[in-house]
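I have placed the structure first, in the form of structure tokens, so that the comments after it can refer back to it.
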Amino acid sequence: MRYDYDLGVIGLGPAGMAVSVMASNMGLRVLAVERRALGGECMNVGCIPSKSLLQMAHVRHTFTRASEFALSRVAKIPDPVDPFQTLQRHIRFINERKTTKMFEKTDLKLGKGSASFVNPHTVTVDGHNHTAKRFFICTGTQPAVPPIPGLDTVDYLTNETLFDLESIPESLLIIGGGAIGCEMAQAFSRLGSRVTILHLDAHLLPHGDWDAGKMLEDVFANEGIAVYNGRGIRRIGIEGNAVVLQTDHNETFRGQRLLIAAGRKHDLSELGLENAGVEYSEAGIRVDSRLRTTHRAIYAPGDCNGAFLFSHSAMHQGMIALMN
26 MRYDYDLGVI GLGPAGMAVS VMASNMGLRV LAVERRALGG ECMNVGCIPS KSLLQMAHVR
86 HTFTRASEFA LSRVAKIPDP VDPFQTLQRH IRFINERKTT KMFEKTDLKL GKGSASFVNP
146 HTVTVDGHNH TAKRFFICTG TQPAVPPIPG LDTVDYLTNE TLFDLESIPE SLLIIGGGAI
206 GCEMAQAFSR LGSRVTILHL DAHLLPHGDW DAGKMLEDVF ANEGIAVYNG RGIRRIGIEG
266 NAVVLQTDHN ETFRGQRLLI AAGRKHDLSE LGLENAGVEY SEAGIRVDSR LRTTHRAIYA
326 PGDCNGAFLF SHSAMHQGMI ALMN
């Protein structure tokens, strides 16, 4: 059978970019589809902006430690000036000078829109069908938002909206003490926010060692970040200009803004995986040791298989899956 492409790639985060560029450089005919911005979560709303914000926060925090380095105490700690506008400029620069130019140097078809399987060798994108001998699903994850009563009444933040803020809030409540919650807690605290973490598990970084979480709690305590472990949220509401959280310990917390950092989830519902014979669950797409799904012509490297939710892992999985 003659196919339009040798390879179809759905999602252009670290895994999808690795597959697309490598396959194109190998002389394969490639269709690469992305419904949002090139680079995926890491580039646009994850690793890159978060680490940039952490670096800004680190530099500002260093001024508070001048005496530790035999320097005279700083009379006034510098205030953040347009930190989020600066982040967006950095992201645009990387996208325009790096990501986009990288794709311009490759011979592939770039499609914009949501892809859905019609059958194992056909996807529809924006009303048009495209066929490929093999497909690679590289769709990543999205923020998990818990079903807390009253949450829908609040203009809450996730990592997808956090970096669109116009200024550093006076106070920030964070639900979740995993990697995202802890990183942003320290960044915002060092940039001037009064930060409170409310965490359901017994210690921070629940997927890591207990002593690592305890060490981080000690650091946070020294920096003025309040941590409340073992807290479930009963209700969320608004009082005046404040977000109000009520916990299962009969406590009430107030803050100017609320960040939901309760983990990640897969949203595979629009891909039409049933039409392709690809099995999946809430944990992700089922793959074998070759990163191949339950259909032998379809692979699923990266976050979408639920194995390791890290950008570097996704990139390497993409390369390995292509070689397989």
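In our numbering, the protein residues as written are 26 to 349.
Just so it is clear, CB atoms sit at the ideal spot from N, CA and C, and this is done for glycine as well.
The model shown is predicted, which means the values in this text are computed figures rather than measured ones.
> For A339 versus G331, is the C-beta distance shorter than 8 Å?
Replying inline: no
>> Spatial neighbours of R54 within its chain, please: C-beta separation below 6 Å, excluding the five flanking residues on both sides.
In response: Y30 and D31
>> Rounding to the nearest angstrom, what Cα-Cα distance links V252 and A82 in this structure?
In response: 19 Å
> For D226, which option in N184, I258, M209 and G217 has the closest C-alpha, if you only look at C-alpha atoms?
Replying inline: I258
>> Please state whether the Cβ-Cβ distance between A140 and Y28 is less than 8 Å.
In response: no
>> Taking a contact to mean a Cβ-Cβ separation below 8 Å, would you say L216 touches I193 in this structure?
In response: yes
> Going by C-alpha distance, which of P171, I162 and G302 is nearest C329?
Replying inline: I162
>> Determine whether the beta carbon atoms of S218 and E248 lie at a separation below 8 Å.
In response: no
> Based on Cα-Cα distance, which residue from R289, T178 and V150 lies nearest to N184?
Replying inline: R289
> Pick from G65, C67, M42 and T178: whose alpha carbon is nearest that of L56?
Replying inline: M42
>> Give the list of continuous alpha helix (DSSP H) stretches no shorter than 4 residues that lie fully inside the segment 295-338.
In response: 298-301
> Which one or two residues does DSSP pair with Q167 in a beta bridge?
Replying inline: K290
> If you follow the beta strand (DSSP E) that E59 is part of, which residue opens it and which one closes it?
Replying inline: V55 to E59
> What does a CB cutoff of less than 6 Å around R260 pick up in its chain, not counting 5 residues either side in sequence?
Replying inline: P174, G175 and Q271
> Rounded C-beta distance between A179 and V268? I'm assuming under 8 Å.
Replying inline: For the sequence presented, residue 179 should be read as Val rather than Ala. Confirmed, Cβ separation roughly 6 Å.
>> Short of 7 Å in beta carbon distance, which residues of its chain neighbour L298, apart from the five on each side in sequence? Order them along the chain.
In response: F142 and Y305
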